[in-house]
Amino acid sequence: MCGIAGFCNPKRDFTEEKGKWNHILEEMNRIQKRRGPDDQGTYLDKSCGLAHVRLEIIDLVTGHQPMIRKNASGTYAITYNGEIYNMPELKKELIKEGAVFETASDTEVILNGFMLHGKEYMKKLNGIFAIALWDSSQNQLSLIRDRLGIKPLFYTWAEKTLVFSSEIKGLFGFPGVTPQLDRDGLCEVFALGPAKSYGKGVFKDVREILPGHCLTFGPGGVSEHAYWNLESRPHTDSFDETVEKTAWLVEDAVKKQMLSDIPISTFLSGGVDSSLVTSICAAELKKQGKVLNTFSFDFKDNNKYFRSNAFQPSQDRPWAEKMVEYAGTNHRFLECDNMAQVDCLFKAVDARDLPCMADVESSMLYFCSQVVEHNKVTLTGECADEIFGGYPWFHKKEAFEGDNFPWSMSMEPRKVLLSDDFAESLGMEEYAHAAYEKTIRETPVLPGENPEEKRRREISYLNLRWFMVTLLDRMDRTSMYSGLEARVPLADHRIVEYIFNVPWSMKCPDGIVKGLLRHAGEGHLPKEILWRKKSPYPKTYDPAYENLLGDRLKEVLADPNAPIRPILDTRKVHAFLESPSDYGRPFYGQLMAGPQMLAYMLQVNYWLEKYKIRIL
């Protein structure tokens, strides 16, 4: 895992001022250094500059980037962030085709594949990746992103020069690129946040390479195309065949993602998703005489304050203990206290470059910082709910009948602290509805599908394009900020392609949430864990945390120079703080209600101030 950055302009010669442009590349590296604390490098050609910071996972000795290779046609260079899990098979194929390898890295597999087959080779990659490929023979740069958008890649334009970076902040290391926010950007933050529209970078003129897309820039101009799209197809397998294929896909994805030259670990909550990943990993390592490290997360003294509810019916620890005993892992229970959670709110903004999932994100960043003290690679159970239909909105009548994002159906909880004039000026409802409708129109339709299945397909597609990507962004930024590589085997594109077309009666047999995944996990898990009722990522129920947030926000409002003051209504804030605990309905997902709204506003204020954002 790494951070990449660079720039390209086919009509400029950057080598005329080597010192200046090498310094800019080094600055872009410095800005993203947390993504790659182990190594760094730069490469400057006539029309292109590439930068790279590295977290060493595979080929620790010779995997330095940017990687440069030459043939009779010209010079090829790559800077790349990610992992290619089918690298061993691809390497064997390329050697048969005459490719010569000087390293053991997956980077060289991509580069050799590109040199032999061009951009079409990207279709062969199974993995997570953001790639910049320079072809001097064509004077052309290609930016390529993995199918599901697991690895980030942002870009902008500065005087006809294409500037790109793994993180938004890296763009600001290029001369003339400054953080600005227009009305659309404000709507992204207040009407959609912590989600954001795919393809957009919230800041004015900042874009992202879409998942499954390749952007090419050369003398003929710029072009972009999709090398992969999710498609709707008839599902012809029986239920037993579907279970068998799902089981094989999950097991194969987990085993592939164990590829590493250093020890791996897993996150283990005791739920079916993380337990299944853990069980497969532990069994594979046991064959090698090794013991898997596992980690679970909770909040200090949460046993005193936990309140069972429909979303979180039980605490995780007893279930994690059962799974540890079953799989024989070396386990650590990690806890986060109130002060760590609040302090990390601002580190989470630094990691994402945007206001994010409040304490749902800050706590994950804290936990990642603890895990990396023991392991630099971990596998998680993320994304199963989005793919297999685990969330309440896959089932609830109001989600079926609604015409907005099912995890954020009402705009009212979002306006509860905002100045009326500010909220009205944005047109938040219209902006959110337009974003929702755009995705509905893009949903791949299966002709002849009944209305109920069609709607389930729409909700599934919304989850894949929006909710899952938000969680993947959370995992990428919090882990990479901590120097930890987090992998998500259940988001293997083969699983997504297959399960997207499985009818609901098979995904949820007999009304059992994620029943298909549970049946596929038989033989890997104890029955009580296999059929445990879903419980999401934990949150603190300590009232002291809410009080701490309230006090911090009061301090912000007392500062006449606080950038968020014109946005908030002070009277509304004070009334809000005096309201009952939890302060009403969630404004995003299941976990982000009143306390998280306070935390989100603290993040917005910090973001506006730290990034010196100019509001247009």
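For the sequence shown, the working numbering puts the final residue at 649, and the numbers step up evenly by one.
Quick reminder that beta carbons are idealized off the backbone N, C-alpha and C, glycines included.
Whole-number beta carbon distance between residue j and residue i, since they are thought to touch under 8 Å
i: F134; j: E126; result: Contact flag wrong, Cβ pair sits at about 12 Å.
i: I90; j: E116; result: 7 Å
i: S170; j: S106; result: 4 Å
i: L517; j: V404; result: 6 Å
i: A280; j: C416; result: Incorrect: roughly 17 Å between the Cβ atoms, too far for contact.
i: E367; j: F328; result: The identity of residue 367 in the sequence shown is Leu, whereas the question assumes Glu. Contact holds; Cβ gap of about 6 Å.
i: D509; j: P185; result: 6 Å
i: V310; j: G151; result: About 35 Å separates the two Cβ atoms, so there is no contact after all.
i: N114; j: A163; result: 5 Å
i: N119; j: K289; result: 7 Å
i: F438; j: Y469; result: 6 Å
i: L412; j: V305; result: With a Cβ gap of about 15 Å, L412 and V305 do not count as contacting.
i: K233; j: G303; result: Their Cβ separation, rounded to whole angstroms, is 37 Å, which puts K233 and G303 out of contact at 8 Å.
Assigned exposure category for residue i - 16 Cβ within 10 Å defines buried
i: T275; result: buried
i: W352; result: buried
i: G253; result: exposed
i: L649; result: exposed
i: R178; result: buried
i: T269; result: exposed
i: I295; result: exposed
i: S256; result: exposed
i: I313; result: buried
i: H407; result: exposed
i: P99; result: buried
i: I528; result: buried
i: E284; result: buried
i: W564; result: exposed
i: S612; result: exposed
i: H56; result: exposed
N-terminal and C-terminal residue of the beta strand (DSSP E) that residue i is part of
i: L166; result: 160-168
i: E153; result: From DSSP, E153 is part of no beta strand (DSSP E); its letter is neither H nor E.
i: S403; result: According to the sequence displayed, residue 403 carries Gln and not Ser. Element bounds for Q403: not the beta strand (DSSP E) but the alpha helix (DSSP H), 391-404.
i: T189; result: 187-191
i: D255; result: Checking the sequence shown, residue 255 turns out to be Val, not Asp. 254-259 is the span of the beta strand (DSSP E), which, as asked, contains V255.
i: N326; result: 326-332
i: C35; result: 35-41
i: C728; result: Any answer about residue 728 is impossible in this case: the structure gives the chain only from 34 up to 649.
i: Q73; result: 72-77
Rounded straight-line distance, which links the Cα of residue j to that of residue i
i: E475; j: S493; result: 12 Å
i: Y574; j: S265; result: 42 Å
i: F344; j: T75; result: Because F344 sits at a pLDDT of 49, beneath the cut-off of 50, its placement in the model cannot be relied upon, and the point is left open.
i: L204; j: M61; result: 7 Å
i: E49; j: V239; result: 28 Å
i: E241; j: G322; result: 43 Å
i: S568; j: D349; result: 8 Å
i: Y639; j: R63; result: 22 Å
i: L398; j: M390; result: 11 Å
i: G218; j: L641; result: 12 Å
i: D78; j: A110; result: 9 Å
i: P244; j: K156; result: 13 Å
i: F250; j: F147; result: 16 Å
i: Y424; j: W54; result: 48 Å
i: G655; j: A467; result: In the structure as shown, the chain starts at 34 and stops at 649, and residue 655 therefore has no counterpart that could be examined.
i: K645; j: L325; result: 44 Å
i: M625; j: D139; result: 39 Å
i: E358; j: N335; result: 23 Å
i: Y260; j: C247; result: 7 Å
i: R647; j: V589; result: 19 Å
i: N42; j: V210; result: 15 Å
i: L450; j: L58; result: 42 Å
i: T503; j: P121; result: 31 Å
Extent of the continuous alpha helix (DSSP H) run through residue i
i: G218; result: 216-220
i: D453; result: 453-459
i: N580; result: 576-590
i: S493; result: 484-495
i: C314; result: 305-320
i: R527; result: 526-533
i: L563; result: 560-563
i: I420; result: 417-421
is_contact[residue i, chain B] using C-beta, thresh 8 Å
i: L195; result: The chain labelled as chain B is not found in the depicted structure, where only one protein chain is given.
Requested in this report: Indicate whether the contact test is met: 3 or more Cβ pairs, each with one atom in the region 487-504 and one in the region 221-231, closer than 8 Å.
Outcome: yes
Query raised in the report: So does the region 365-379 actually touch the region 566-584, counting three or more Cβ pairs closer than 8 Å?
Result: yes
Query - Touching by the beta-carbon criterion (3+ pairs, under 8 Å), the region 294-302 and the region 550-567 - result: no
Report task. Report yes or no: do the region 526-541 and the region 183-202 share at least 3 C-beta pairs separated by less than 8 Å? Result -> no
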